[in-house]
Structure formats: C-alpha cells, structure tokens
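Colleague: Using the numbering used here, read the sequence shown as starting at 887 and increasing by one per residue.
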Amino acid sequence: MNRPNQAQIIQFLTLSNKVGSRAMSLGNHPFGAVLVGPDHETVLSTQCNIDTVNHAESTLARVAASNYSAEYLWQCTLYTAVEPCCMCAGTIYWANIGRVVYGMTEQRLLECTGNHVENPTMRVSSAYVFEHGQKNIDLIGPIAEIEDEIAALQQAFWTER
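#1: Could you give the residue range of the alpha helix (DSSP H) that holds S931?
#2: Any heavy atom of the ligand FMN inside 7 Å of the beta-carbon of E1033?
#3: What number of angstroms, rounded off, separates the C-alpha of A894 from the C-alpha of D937?
#4: Report the option in G906, I1029 and F898 whose CA atom is closest to the CA atom of W1044.
#5: Ordered along the chain, which non-local residues of its own chain (more than five positions away) have a Cβ less than 8 Å from that of R948?
#6: Using a Cβ-Cβ cut-off of 8 Å, state whether T966 counts as contacting chain D.
#7: Taking I983 as the reference, give the member of L912, N1022, L995 and Q993 with the closest Cα.
#8: Note down the Cα distance separating V929 from N891, rounded to an integer number of angstroms.
#9: Nearest-angstrom Cα distance between G913 and D1034?
#10: From the DSSP output, which residues share a beta bridge with G918?
#11: Please state the DSSP three-state secondary structure of T945.
#12: Please list, in chain order, all residues of the same chain as A884 whose beta carbon is under 6 Å from its beta carbon, the five residues on each side excluded.
#13: Leaving out five residues on either side along the sequence, give the residues of the same chain with a beta carbon under 7 Å from the beta carbon of G923.
Dropping the structure here:
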C-alpha cells in the first residue's frame, strides 16, 4: 500500500483542522476528520465532532463502513488533526480503514485542555489500540510541520470554554 507524500499529508491535516473549526462554529468541540481515497487526492467524506460519543473520527468511520466495502476502505486514509482516542481508534479498526494520519498526539491535546470536564482525555494512544488488533493499520503522526497550528485551535477553544 503506497503512502501519501508530505504535501498531501499537510493538505489533508490542514483540512481536518478546518473541519474542526467548523465544528466550533456549530457549538461543538474542535475536532474534524477527513477520509481520502486510495489515490491520495479524492476526499470521500469530512466529519466534524458532534458530541462526546460521536467524535469526528468514529462517526466518519461508521458512515464510511456503511457506504464502502471493507476492501476499499483498507486502501483509504483517515486524516485527523488530533490523534484518535481509544474509542475512535477502535471504530477505525472495525471499519477497516487501513491508514490513519494525525497531526498532534493525544498527550499534547491533554496539555491544551488541561483537566477540562468536557474532555477527560484518556492516556491510551491509538498506536496501543492498533497494536492489540490483528490488522496492521498504518499509523503516521505526529506531524511537526502542522502541530503548532493544530494546538493553537485547541488552546483557543479550551481556554475560552
């Protein structure tokens, strides 16, 4: 399975962050996800955060699994500005999405949110979740070139919340 190049990674992580900004405009937490086809160019779907159990990544993965075959999704890439939480990583795994690219770690998110009651971040990395499955999900991240931009959106939201 060929991997996206660095320009594609930055392009779609930037889009994911913009989708997170859209979530904010809807009154939701600033998280967004983007599903890109095997050609590393075609955006198949975007999803912003809905609520605490309908995160952008898990919602996108569930919708994708009901619209595309498992074989096709295995060739796709899910981009998300912030590393998927354990719930989202599990949903991505079961949806059979073959690659995940994220901009900043769940640990860095915790630094942005602190002990905020609306985001009780769990210290379980997506790598840990994927390592305990039988599928070899290709996980790429964090991406230093965009991490500060992502953190700025998160900090702006959580300090005002």
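By construction, the Cβ of each residue, glycine as well, lies at the ideal position given by its N, Cα and C atoms.
Modeller: By the coordinates alone:
#1: Counting from one through the sequence shown, the residue named residue 931 turns up at place 45. Here S931 belongs to no alpha helix (DSSP H); instead the beta strand (DSSP E) covers V929 to C934.
#2: Because no ligand of any kind appears in the structure shown, any question about the ligand FMN cannot be addressed here.
#3: Taking the sequence shown and counting its residues from 1, one reaches residue 894 at position 8. Taking the sequence shown and counting its residues from 1, one reaches residue 937 at position 51. Before going on, a small fix: residue 894 reads as Gln here, not Ala. Roughly 28 Å separates the two Cα atoms.
#4: Stepping through the sequence shown from its first residue, residue 1044 is reached at position 158. If we check each option's Cα against that of W1044, G906 comes out closest.
#5: The count along the sequence shown starts at 1 and reaches residue 948 at position 62. Hits under 8 Å: T977 and A981.
#6: Here chain D cannot be found, since the structure has a single protein chain.
#7: Reading the sequence shown from its first residue, position 97 is the one you call residue 983. Answer by Cα proximity: N1022.
#8: Numbered from its first residue, the sequence shown carries residue 929 at position 43. Numbered from its first residue, the sequence shown carries residue 891 at position 5. Their Cα atoms are separated by approximately 15 Å.
#9: Against the sequence shown, residue 913 aligns to sequence position 27. Against the sequence shown, residue 1034 aligns to sequence position 148. Approximately 23 Å between the Cα atoms of the pair.
#10: Position 32 of the sequence shown, counted from the first residue, corresponds to residue 918. Looking at the DSSP assignment, G918 forms a beta bridge with C934.
#11: Walking along the sequence shown from the start, residue 945 turns up at place 59. Of the three classes helix, strand and coil, the one that applies to T945 here is helix, per DSSP.
#12: This structure cannot speak to residue 884, because the chain is shown only from 887 to 1047.
#13: Locating residue 923 in the sequence shown gives position 37, where the first residue counts as 1. Answer for G923: L930 and C962, listed in chain order.
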